[in-house]
Structures are given as structure tokens and as C-alpha cells.
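A.B. asks: With the sequence shown counted from 1, adding 84 to any position gets you this note's numbering. Heads up, the beta-carbon is just placed ideally off N, CA and C, and yes, glycines get one too. Predicted model only: the values in this text are computed from it and were never measured. Here you go, one structure.
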Amino acid sequence: MSMSTNSKSDSKQLESLIQTAVKKLGAKKENDICRYIPSSTGGYIHHFTMRKMKTEDPEQLTDMILKYIINVDKPSPVTPKQRAARGSRKRRDQILFSKQDIERMLNMARLAGDKEMIRKLTPKKDLRSIKRELIASIRHGKVEQDLWTSYVEAISLNNNLAASANSLAPQYS
């Protein structure tokens, strides 16, 4: 029973210490004191980390608040950790086309008879749908060269995937 009473008084002392730190910094809320407590990974501690420390390691949190805020004449904010800018992973040199743009380019390639461009701009279909379309075109007495080419590419891709999967599988003798 003294253990739970002791932990309750410790948590009350910690809350009182946090409120004292908030007042000393002139902060509006508890999370604002995080910017004054450095993290071991650089920058200041995250407010989730502080919340976790309140329950899991209150002694260390108390020591950190005392060391960096309470026992310092003028507490200074910790410089934030450098992070990548938002959108920095986006490629700047890559041109984005809408579906309508691609359809227009595909029609232009068809009018020009550019088979390579048609193949690049035509959406990839799975082997089953290509087979279905190829069989339907044969029944109608007409075989489209583009459809046959995409069938051959799909079969070769399928065979390459199967071969690489077999080479990765453990060999038992």
C-alpha cells in the first residue's frame, strides 16, 4: 500500500514540477516545455515521449525538468532536429500526365503509326485478360499485332519471374 501511495505522491510532485516549469517558461500548455528539454537523438524531446516518461520513467523526467528548466536562470529552447522538407521526396524533373493527356498521346502515336510509343503508352494488362482478348479477336477472324506483342511480352515476363523464383528457392538433392 505504501508503494501505491508513494507513486501517487511522486506523480503529484511531478505534475507540480511540470506546472512550475510551464509557469517559469510562460508557456500555455504542458507540451510547450518539451522544446526546452534536449533529446538523446538530437533536437528536443517529442511530447509523446514526455507523456510516456511521466508514467514509465518519472525520475528521469523530473531530473531533466530540473536540469534544463527549473535550475537554470534563463532556460533556452533546444534547436529542433533537422528534418527533410515536406515534399522533398517528390521528383522535380518528372512530368506528370493526366489520364486524358496519356489518351491524347496514345491517339497521336496511333495516327503516326509509332508502335514503340503505342506499346509504352498502352496500359499493361494481366495475362488472363490478354488471352481472353486474343481468343476473342481470333474468333472474329482478326488478330491485332499489338495484342499479340503484349501477349508475347506477358508470357516472357511470366517465364522470367518463374525462373527467378526457382533460382531463389532452396535446392534439395
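1. Indicate the three-state DSSP secondary structure (helix, strand or coil) for residue 122 in the structure shown.
2. Would you kindly report the start and end of the unbroken alpha helix (DSSP H) that includes residue 142?
3. List the whole-angstrom C-beta distance separating residue 238 from residue 214, where the pair is believed to meet the contact cut-off of C-beta under 8 angstroms.
4. Looking at C-alpha atoms only, which residue of 206, 92, 160 and 147 is the closest neighbour of residue 127?
5. Which partner residues does residue 152 have in the DSSP bridge list?
6. Count the other CB atoms within 10 Å of the CB of residue 212; is the residue buried (16 or more) or exposed (fewer)?
C.D. replies: The short version:
1. strand
2. 142 to 149
3. 5 angstroms
4. 160
5. Answer is none; residue 152 lacks a bridge partner.
6. exposed
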